[in-house]
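Colleague: Sharing a structure with you now.
Residue numbers (the working numbering): 542 to 1097.
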């Protein structure tokens, strides 16, 4: 089934990239008038996806179906689903707004979210599919002590999922208030309820198809908006760029690097977190178990990379053209003053662009697609979290492999409901909080605690249980500590005068520390367990290269 893996994939992508940016970018927004066109279109989307969930429920008969759609998703479908999660509302709104205001900086930021895919394609995709079954912990604990490593891996996964759910839910509430005119709490509850329904009843199959439909809608909407906007400039990007430089307050500086690259340490640390954090997101890892073999796993990344790369280029082009079409139109500014505040907040240029070139109907369509994007992302996160609780902690650690599939699926569904309740409560609780630090924390933990253990377990014979545990803990603790001591938390949230850690992104410091501690505690480990860990590498290597013994697709 598509449930867990697809969900993870989707989430991870979103997570990995734009959702995190969205919560910070969206920030404080003004509630807009009720948009009945957008609500009507979203209602149609929800009804169609509920039909898919009903269909998926009849095909979800086992844990493999629930977590990974039975491994029966094709590479092309999985690639679209991954892209659907990565091309989030934050991508559409946040990156276009950054290009609108900062020019080239927005394009550089987009590249930062994209370049992690070659790492996944060339280093990890094939081995992930051959070694894994349902979750990231399956790979990390393949030849190491099951109880110890699986517990740590599940805890790391749940930490990432919970933090990212907060980011997504707060971003969802603010976005929906912005685009639909609904109350914040109402929006959060609607997202939470739909998320639980998709995952509980449809599992990975429903989650995957929700992602695929959303990806197609997003690609279609973005392409139509691109052509409508280009028509204003004689279908010439060069003309659009020239006019943007002429009217923008920064002039030709719009085409050069700005504040994003002013602090090279933060820039490098952010880049490391985005690149390797993406490869350490549990829902991304899970995504690769939904396809039947390693070849399809590679195809998934290829298709996803193409769709994501194309969409990022479209979004940046839209931001550039909005400088002229929206930035010079008093209709979209408070009091008609183009030097003042934009209606709805600073992340609305692309939505105002949709209205300017396509009217209210097209604006309603793009708003509904943005809402659908949020649902796809949070569903993926919920599935990843539920799989960690039910498969790793309950079935493998507590029951030590004796739990039946029926029992495990029951726990998965209870866990999904629990995560839904927690997500709604945390979303409401954090409504007025500055949650930007959670973005850095999420990717910092993924890059510092999950990625080092994952990559070393696949490539280094010398890794031992002790090294993996202590190295992973070092990465986890240091990433959290650095973020807490940074300006985003120590000053903005806790109210202290000066940050104790001068940088806002932890990966440059916490990730090397995790690798070093993992190496140190592995090479100094001479226990009997260490000998067993190392002896299991050859068997793992053969399976990772050939797929012999890997889980196969279910027949439906």
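We put the CB at the ideal spot given by N, CA and C, even for glycine. Just so we're clear, the structure is a prediction, and the values are computed from it rather than from any experiment.
Check whether the Cβ of residue 829 lies closer than 7 Å to any Cβ atom in chain C.
Modeller: Checking the listed chains, one finds no chain C in this structure; it contains a single protein chain.
Colleague: Whole angstroms is fine: what's the gap from residue 582's alpha carbon to residue 758's?
Modeller: Computed Cα separation, rounded: 12 Å.
Colleague: Excluding sequence positions up to five away, which residues of its chain have a Cβ less than 6 Å from the Cβ of residue 671?
Modeller: Closer than 6 Å at the Cβ level, and outside the excluded window around residue 671, lie 835, 1084, 1085, 1088 and 1091.
Colleague: Below 7 Å between beta carbons: does that hold for residue 717 and residue 967?
Modeller: Result no, Cβ atoms of residue 717 and residue 967 do not sit closer than 7 Å.
Colleague: Decide if residue 1079 is buried, meaning its Cβ has at least 16 other Cβ atoms within 10 Å, or exposed.
Modeller: Exposed, because fewer than 16 other Cβ atoms sit within 10 Å of the Cβ of residue 1079.
Colleague: For the ligand NAD, is there a heavy atom less than 6 Å away from the beta-carbon of residue 985?
Modeller: Looking at this structure, you won't find the ligand NAD or any other ligand, since it has none at all.
Colleague: Within 10 angstroms of the Cβ of residue 880, are there 16 or more other Cβ atoms? Answer buried if so, exposed if not.
Modeller: By the neighbour-count rule (16 or more Cβ atoms within 10 Å), residue 880 is not buried but exposed.
Colleague: Can you tell which of 734, 766 and 1015 has the C-alpha that lies nearest to the C-alpha of residue 904?
Modeller: Taking only the C-alpha atoms, the option nearest residue 904 is 766.
Colleague: On the three-pair Cβ rule with 8 Å, is the region 616-625 touching the region 743-753?
Modeller: Contact between the region 616-625 and the region 743-753 is present, because at least three Cβ pairs lie under 8 Å.
Colleague: So residue 616 and residue 840 are supposed to be a Cβ contact under 8 Å. How far apart are they, rounded?
Modeller: 3 Å between Cβ atoms; contact.
Colleague: For residue 1071 and residue 1063, what's the separation of their Cα atoms in angstroms?
Modeller: Computed Cα separation, rounded: 8 Å.
Colleague: By Cβ distance, which residues of its chain are closer than 7 Å to residue 1044, with the 5 residues on each side in sequence left out?
Modeller: The residues are 806, 807, 810 and 1027.
Colleague: Out of 922, 994 and 948, point me to the one whose CA is closest to residue 703's CA.
Modeller: If we check each option's Cα against that of residue 703, 922 comes out closest.
Colleague: Compare the Cα-Cα distances from residue 1012 to each of 991, 1021 and 999 and report the closest residue.
Modeller: For the residues 991, 1021 and 999, the minimum Cα distance to residue 1012 belongs to 991.
Colleague: Can you look up residue 628 in the DSSP assignment and give me helix, strand or coil?
Modeller: Residue 628: coil per DSSP, three-state reduction.
Colleague: Starting from the N-terminal side, write out each stretch of the beta strand (DSSP E) that is 3 residues or longer and does not extend beyond the region 732-796.
Modeller: Segments of the beta strand (DSSP E) lying fully in the region 732-796: there are none.
Colleague: So the candidates are 584, 1050, 643 and 1016; which of them puts its Cα closest to the Cα of residue 802?
Modeller: Out of 584, 1050, 643 and 1016, 643 has the C-alpha closest to the C-alpha of residue 802.
Colleague: Would you kindly report the start and end of the unbroken alpha helix (DSSP H) that includes residue 901?
Modeller: Element bounds for residue 901: 890-928.
Colleague: Residue 1015 and residue 1041: beta carbons closer than 7 Å?
Modeller: No, the Cβ-Cβ distance between residue 1015 and residue 1041 is not below 7 Å.
Colleague: Please list, in chain order, all residues of the same chain as residue 662 whose beta carbon is under 8 Å from its beta carbon, the five residues on each side excluded.
Modeller: Only 839, 842, 843 and 846 meet the Cβ criterion.
Colleague: Does residue 999 pass the burial test, meaning 16 or more other C-beta atoms within 10 Å, or should it be called exposed?
Modeller: Per the 10 Å Cβ criterion, buried.
Colleague: How far does the alpha helix (DSSP H) with residue 702 in it extend, from its first residue to its last?
Modeller: That run of the alpha helix (DSSP H) goes 687-720.
Colleague: Applying the criterion that 16 or more other CB atoms from any shown protein chain within 10 Å of the CB defines a buried residue, is residue 779 buried or exposed?
Modeller: Exposed, by the Cβ-count rule.
Colleague: Less than 7 Å separating the beta-carbons of residue 917 and residue 606?
Modeller: No, Cβ-Cβ distance for residue 917 and residue 606 is not below 7 Å.
Colleague: Would you mind reading off the limits of the alpha helix (DSSP H) that contains residue 827?
Modeller: From DSSP, the alpha helix (DSSP H) with residue 827 extends over 823-828.
Colleague: Which runs of the alpha helix (DSSP H) at least 4 residues long sit entirely within the region 609-676? Give them in chain order.
Modeller: As far as the region 609-676 is concerned, its whole alpha helix (DSSP H) runs of at least 4 residues are 616-627, 637-643, 645-655, 657-660 and 666-672.
Colleague: Tell me which same chain residues have a C-beta within less than 8 Å of the C-beta of residue 699, skipping the five on either side of it?
Modeller: Cβ within range, chain order: 926, 929 and 930.
Colleague: Would you tell me roughly how many angstroms separate the C-alpha atoms of residue 866 and residue 693, rounded to the nearest one?
Modeller: About 51 Å.
Colleague: Using C-beta distances below 6 Å, list every residue in its chain close to residue 1081, excluding the 5 sequence neighbours before and after it, in chain order.
Modeller: So the list reads 683 and 684, once near-sequence residues are dropped.
Colleague: Using 7 Å as the threshold, is the C-beta distance between residue 997 and residue 829 below it?
Modeller: Cβ distance not < 7 Å, so residue 997 and residue 829 don't count as in contact.
Colleague: If you check the beta carbons only, do residue 701 and residue 944 fall under 7 Å apart?
Modeller: Their beta carbons are not under 7 Å apart, which means residue 701 does not touch residue 944 by this criterion.
Colleague: For the alpha helix (DSSP H) containing residue 957, name the first residue and the last one.
Modeller: Start and end: 946-970.
Colleague: For residue 851, name the three-state secondary structure that DSSP assigns.
Modeller: Looking at residue 851 - three-state DSSP - the assignment turns out to be helix.
Colleague: For residue 784, does the count of other Cβ atoms within 10 angstroms reach 16, so buried, or fall short, so exposed?
Modeller: Counting Cβ neighbours within 10 Å, residue 784 comes out buried, since at least 16 surround it.
Colleague: Opposite residue 883 in the DSSP bridges: which residues?
Modeller: Answer is 874, bridged to residue 883.
Colleague: Between residue 1046 and residue 814, is the Cβ-Cβ spacing less than 7 Å?
Modeller: Closer than 7 Å, so yes.
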